[in-house]
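Chemist: Chains A and B, in that order, are what the protein sequence lines are.
Here the first sequence stands for residues 15 to 298, numbered as in this note's numbering.
Here the second sequence stands for residues 186 to 487, numbered as in this note's numbering.
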Amino acid sequence: MARRRGRDRARLARVGRWFVILSCMTFLGFPFYWMLITIFKQNADLYETENNPFIFNAAPTLENLRQLFYDTGFVRWLGNTALVGVLVVAITLILALPAAYSLARLTGRWGERLGILLFLTYLVPPTLLFIPLSRVVAILGFQDSIWSLVIVYPSFTIPFSIWLLMGFFKSIPRELEDAAMVDGLTRFGAFIKLVVPMSTSGILTVVIFTFTLVTQEFVYALTFISPESHQMLGVGVPTFLILGDVYFWGSLMGGCLIASVPIALVYNLFLDRFIAGFTVGAVK
Amino acid sequence: MAVKRRPRSTGSSGLGLGVAMFLPAVLYVLLLVAVPFGMAFFYAFSDARIGSGGEHFVGFENFSSVLENPTFRKALGNSFIFTISSQILVLIGSTALALALKDKFRGRGFVRFVILLPWVAPISLGAIGWKWILDSIYSVINWVLIALHIVKPFDKPMWLGQPVLAMISVIVVHTWRLMPFSTVILLAGLTAVPRDIPEAAAVDGAGFWRTLFEITLPMLRPILNVAMLFGIIFTFTDMIVVYVLTAGGPYDSTQVLPSLAFFTGIQGSDLAAGAAISLFLVPLLVVVAVLMLRMAHRAEVT
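1. Give the secondary structure of TYR261(A) by DSSP, where H, G and I count as helix, E and B as strand, and everything else as coil.
2. Ordered along the chain, which non-local residues of its own chain (more than five positions away) have a Cβ less than 7 Å from that of ILE235(B)?
3. Against TYR115(A), what residues of chain B qualify as contacts under a CB-to-CB distance less than 7 Å, listed in chain order?
4. So does TYR228(B) have its beta carbon nearer than 8 Å to some heavy atom of the ligand FMN?
5. Figure out for me which residue from LEU154(A), LEU134(A), ARG149(A) has the closest Cα to the Cα of PHE174(A).
6. Is the Cβ of GLY295(A) closer than 9 Å to any Cβ of chain B?
7. With DSSP as the reference, please indicate the residues paired to ILE256(A) in a beta bridge.
8. According to DSSP, what are the bridge partners of PHE242(B)?
9. DSSP on THR200(A), reduced to helix/strand/coil?
10. Using three-state DSSP, classify TRP317(B) as helix, strand or coil.
11. Expressed to the nearest angstrom, what Euclidean distance is found between the alpha-carbon atoms of LEU279(A) and LEU372(B)?
12. Does the stretch 264-274 of chain A come close enough to the stretch 48-66 of chain A that 3 or more CB-CB pairs lie under 8 Å?
13. Is it buried or exposed for ARG406(B), if we count other Cβ within 10 angstroms and need 16 for buried?
14. If we ignore side chains and look at the alpha-carbon of each, how far apart do GLY125(A) and THR422(B) end up?
15. For the alpha helix (DSSP H) containing THR95(A), list its first residue and its last residue.
16. Between which residues of its own chain and ALA225(B) is the CB-CB distance below 8 Å, once the five residues before and five after are set aside?
17. For ALA446(B), which residues in the same chain have their Cβ closer than 8 Å to its Cβ, ignoring the five residues on either side in sequence?
18. By a C-beta neighbour count over all protein chains shown, 10 Å radius and 16 as the cutoff for buried, is SER367(B) buried or exposed?
19. I'd like to check one pair, THR219(A) with PHE284(A): are the Cβ atoms closer than 9 Å?
20. Out of curiosity, what's the CA-to-CA distance linking SER240(A) and PHE290(B)?
21. Within 9 Å (strictly less), CB to CB, does ASP320(B) reach chain A?
22. Along the stretch 140-173 of chain A, what residues have a CB closer than 9 Å to any CB found in chain B?
23. I'd like to know if PRO307(B) contacts chain A, where contact means its C-beta is closer than 9 Å to some C-beta of that chain.
24. Tell me the residue span of the alpha helix (DSSP H) that contains SER270(B).
25. Roughly how many angstroms separate the alpha carbons of VAL188(B) and PHE225(A), rounded to a whole number?
26. Using 9 Å as the limit for Cβ to Cβ distance, is ARG31(A) near chain B?
27. Going along the stretch 219-239 of chain B in order, which residues come within less than 7 Å of chain C, judged by CB to CB distance?
28. For PHE44(A), which of ILE418(B), ILE300(B), ALA229(B), PHE295(B) has the nearest alpha-carbon?
29. Given this structure, state the Cα-to-Cα distance separating LYS259(B) from LEU252(B), to the nearest angstrom.
30. Show which residues of chain A have a CB atom less than 9 Å away from the CB atom of PRO403(B).
31. Determine the burial state of GLN230(A): buried for a count of at least 16 other Cβ atoms within 10 Å of its Cβ, exposed for fewer.
32. Do VAL355(B) and VAL275(B) come within 9 Å of each other at the CB atom, strictly closer than that value?
33. Within the stretch 318-342 of chain B, note down every full alpha helix (DSSP H) run reaching 4 residues or more, in order along the chain.
34. What number of angstroms, rounded off, separates the C-alpha of VAL211(B) from the C-alpha of LEU132(A)?
35. Flag this pair as yes or no: are the beta carbons of ILE176(A) and VAL209(A) separated by less than 9 Å?
36. Given ALA351(B), which residues of its chain have a CB within under 8 Å of its CB, disregarding the five upstream and five downstream residues?
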């Protein structure tokens, strides 16, 4: 009797669990599924309210994608985003690597505090800074140029990267550096020749997240840059694939999906490190 | 071979090198965060506009004119409504989802990939996806509702065109965006909860709900706080969802502080008023920062 009740309860738990998983997956994943369907539909099919939107009422087409790649600035935006991404990654690594090492190893308790303070700058949102920064960018003459973004983006990628790398450096045993210094390397030499090569996976994590943050950013790109050809993906797709009141839904959805899925795939590989950066020691 | 002296790990030269190594990064960040932050205050007390030089100090004029503006009051209220209601939905949804995903099963990796998409995809593009789903004419939701005879074809809801529905839509899209983030953070917290305690409770006859509310959730408290604090920041300071979905409309009914700051300060060229509006974000940010510092301090002590 008791055992049967236990079995019933286990079955109920399993049903409940899958109910939660499937309904959440539907809610969270549906927009992307919908993008995928929309991309391959002919306009005549899309813009006929009588048609069942879940099936292809007309033959699937590649026309929307062709339009996206040949008739819009999409490829240009991809290029801009990649270029800004690479440059921001470079600046971030050059500044964050030594800073994180210093705060993890050389400055003791004081460094730890400074690390937390740096992390708090992450709480100052672009929506608070974009008005003054737009003036700064205009004064520097970087208006409408991707250089404005190359300069501003590290202000939020560096603190987060320092935070991630600090944790990483702390996990490297001190004895290794001490040994290298006994063998004649300076502290800085040990950092360059020993610690940095040992931190490849930490550096890779920083590269991925910096790149992700660059593709996701919207407010600064919208504020600093207006010409279509200088635009980033995140702003270009929702701004320039709409002409007045006319939405090119097929191409729009193509742009959205193509920009989203590759990042999601890479991001998944590094998820655990990212979480560790966010949980600020609340999980040990 | 001569025995060399073991180098001291933190000597005075170590500290000098330490300062030299972190100073460039700290200066860079301060220059681009602290300086514009200060400038925002300066502008808020000036008459700065795009395209005009030479600001004058005008005291609290911007603040008083902003406070008298009904659109601003609406935006201030909306910011809180959006943040609080989406956080409640996010916390309930992500706790349920994290508990469901706690144990390993076949296909868990795929499930994780799908549920993470809203968080990883650029938010402006995700919001465009929703704009299509909620379209006034071609909304798939409306098609389903009509097919199920819940609404009539000539009287279908305009998800982004009616004030209350538009607010609900914005809240749902914020929830959609933040649920993955909150879920993975809670999952990390759940792996830290010792497995045997809930199991022991179950053996002792405690039901699912009792175990959940008296054991699992209290143990998850610290990590729930982390997820919630970040969630509040991300929602309260976000203008992208509103900008893309409704542009604050219809009739400013979904306007929030950040979007109003953008429309006033950048599109309306009134930098001073825009800066004054965005400064109303600061008190909440300070509260969250203090709470986070306290949490970090507690983690340091224990």
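We treat Cβ as the ideally placed atom computed from N, Cα and C, and that holds for glycine.
Modeler: If we stick to the structure as given:
1. Under the three-state reduction of DSSP output, TYR261(A) falls in the strand class.
2. Excluding sequence neighbours, ILE235(B) sits near SER454, LEU456.
3. Going along chain B in sequence order, the residues near TYR115(A) (Cβ under 7 Å) are MET206.
4. This structure simply doesn't include the ligand FMN, nor any ligand for that matter.
5. That would be LEU134(A), whose Cα lies nearest to the Cα of PHE174(A).
6. Any reading at GLY295(A) is ruled out, since the residue's pLDDT is 47, under 50, leaving its predicted position unreliable.
7. Answer is TYR261(A), bridged to ILE256(A).
8. Under DSSP, the beta-bridge partners assigned to PHE242(B) are SER231(B).
9. Three-state result, THR200(A): coil.
10. Under the three-state reduction of DSSP, TRP317(B) is assigned to helix.
11. In this structure, the CA atom of LEU279(A) is about 19 Å from the CA atom of LEU372(B).
12. Verdict: yes, contact present.
13. Sixteen is the threshold: since fewer than 16 other Cβ atoms of the shown chains lie within 10 Å of the Cβ of ARG406(B), the residue is exposed.
14. A straight-line Cα-Cα distance of about 29 Å links GLY125(A) and THR422(B).
15. It spans 88-115 - the alpha helix (DSSP H) in which THR95(A) sits, taken as one unbroken run.
16. The residues are ALA460, SER463, LEU464.
17. So the qualifying residues of the chain are MET424, GLY459, ALA460, ILE462, SER463.
18. With 16 or more Cβ atoms within 10 Å of its Cβ, SER367(B) is classed as buried.
19. Their beta carbons are under 9 Å apart, which means PHE284(A) touches THR219(A) by this criterion.
20. So the two alpha carbons sit approximately 48 Å from each other.
21. Nearest CB-CB separation between ASP320(B) and chain A: below the 9 Å threshold.
22. Cβ contacts with chain B come from PRO140, THR141, LEU142, LEU143, PHE144, ILE145, PRO146, LEU147, SER148, ARG149, VAL150, ALA152, ILE165, VAL166, PRO168, SER169, PHE170, ILE172, PRO173.
23. The Cβ of PRO307(B) sits closer than 9 Å to at least one Cβ of chain A.
24. Here the alpha helix (DSSP H) through SER270(B) covers 255-286.
25. No answer about VAL188(B) holds up, because its pLDDT of 44 lies below 50 and its placement is not dependable.
26. For ARG31(A), at least one C-beta of chain B is nearer than 9 Å to its own C-beta.
27. The structure shown contains no chain C; its protein chains are A and B.
28. The residue from ILE418(B), ILE300(B), ALA229(B), PHE295(B) with its alpha-carbon nearest to that of PHE44(A) is ILE300(B).
29. So the alpha carbons of these two residues sit roughly 10 Å apart.
30. The premise fails here: PRO403(B) is roughly 14 Å from chain A at the closest Cβ pair, so nothing lies under 9 Å.
31. Looking at its Cβ environment, which holds 16 or more other Cβ atoms inside 10 Å, GLN230(A) is buried.
32. Taking 9 Å as the Cβ cut-off, VAL275(B) and VAL355(B) do not qualify as a contacting pair.
33. If we require 4 residues or more, the alpha helix (DSSP H) runs fully inside the stretch 318-342 of chain B come out as 325-332.
34. Each residue's Cα considered, the two are about 8 Å apart.
35. No, these two residues do not count as a Cβ contact at 9 Å.
36. Within the same chain, ALA351(B) has close Cβ partners TRP344, LEU345, LEU430, THR431, GLY434, PRO435, SER438, THR439.
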